[in-house]
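Trainee: Numbering (our numbering), first residue to last: 2 to 177. In this text, a Cβ means the ideal position worked out from N, Cα and C, and glycines have one as well. Quantities reported herein were computed from a predicted structural model and do not represent experimental measurements. Please see the structure below; I have some questions.
Here it is in structure tokens:
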């Protein structure tokens with residue numbers, strides 16, 4: 002297979018996204034890769050390029066740039082279908098000490114990305130009450146108790162770890 006065909010297939014397999022690292026892993030030189038993307042592709046971030054006919058997915062691009070990032074808080078609620086609207090800004094969690102100066106986000110989700118489970122996310126938003134609007138908190142909790150796959154024992158386990166068990170109990174007494 003020719004280099005051009007390899008890059009076209011790589012782009013197609015990743016929904017129009019090309020990464021320098023993926024091309025180099027296939028044995029394609031950086032100069033050839035840069036010549037290929039220069040004509041049509043738009044630079045989204047360092048080493049990440051988007052085909053002109055592809056849909057820009059900010060969450061996927063953010064996670065490609067920062068593989069340690071896990072979507073949390075309002076972004077996780079959105080991905081878990083526990084939010085009534087898409088968040089204006091994405092919230093990610095990274096390990097303590099991780100350099101976050103290059104993290105920015107925009108767009109919507111169409112790819113598989115890492116996200117905390119619903120129980121952890123509910124506890125995150127209860128722990129960060131002052132940063133999450135009350136209607137978002139209420140919608141998330143109402144949506145969670147309606148889910149068939151809810152796991153109340155796991156939720157309570159997380160709540161104890163996050164020291165929000167009393168607050169959570171108050172909400173659950175009203176909703177259940």
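#1: Where does the unbroken alpha helix (DSSP H) through residue 33 begin, and where does it stop?
#2: Determine the DSSP secondary structure at residue 44, reduced to helix, strand or coil.
#3: Strictly by DSSP, which residues pair up with residue 20?
#4: For residue 133, which option in 8, 149 and 75 has the closest C-alpha, if you only look at C-alpha atoms?
#5: Using the C-alpha atoms, what's the distance from residue 20 back to residue 8?
#6: Which word fits residue 135, buried or exposed, when buried means at least 16 other C-beta atoms lie within 10 angstroms of its C-beta?
#7: List, from N- to C-terminal side, the beta strand (DSSP E) runs of 3 residues or more that fit wholly inside the segment 71-96.
#8: Suppose you measure from the CA of residue 143 to the CA of residue 58; what does that come to, to the nearest Å?
#9: Taking 9 Å as the threshold (C-beta atoms), are residue 80 and residue 116 in contact?
#10: When you compare the CB positions of residue 119 and residue 150, do they come within less than 9 Å of one another, or not?
#11: Among residues of its own chain, excluding the 5 on either side of residue 124, which ones have a beta-carbon nearer than 6 Å to its beta-carbon?
#12: Do you know offhand how far residue 170's Cα is from residue 177's?
#13: Just to check my reading of the structure: residue 138 and residue 153 have Cβ atoms closer than 8 Å, yes? What is that Cβ distance to the nearest angstrom?
#14: Let's test the definition: count the other Cβ atoms within 10 Å of the Cβ of residue 83 and tell me whether it reaches 16, buried, or not, exposed.
#15: Go ahead and label residue 1 buried or exposed: buried means 16 or more other beta carbons lie within 10 angstroms of its beta carbon, across all protein chains shown.
Mentor: According to the structure shown:
#1: Boundaries of the alpha helix (DSSP H) around residue 33: 31-41.
#2: The three-state secondary structure of residue 44, taken from DSSP, is strand.
#3: According to DSSP, residue 20 bridges with 49.
#4: The closest CA to that of residue 133, considering only 8, 149 and 75, is found on 75.
#5: Spanning the two alpha carbons is a distance of roughly 10 Å.
#6: It counts as exposed.
#7: Entirely contained in the segment 71-96, the beta strand (DSSP E) runs reaching 3 residues are, in chain order, 71-73 and 92-94.
#8: Going from the Cα of residue 143 to the Cα of residue 58 covers about 28 Å.
#9: Yes.
#10: Contact: yes.
#11: Cβ contact annotation for residue 124 (same chain, cutoff 6 Å, sequence separation greater than five): 159, 160, 163 and 165, in chain order.
#12: Cα to Cα, residue 170 sits roughly 10 Å from residue 177.
#13: The pair is not a contact, with the Cβ atoms about 17 Å apart (cut-off 8 Å).
#14: Buried: at least 16 other Cβ atoms inside 10 Å.
#15: Outside the modelled stretch of the chain, which goes from 2 to 177, sits residue 1, for which no answer is possible.
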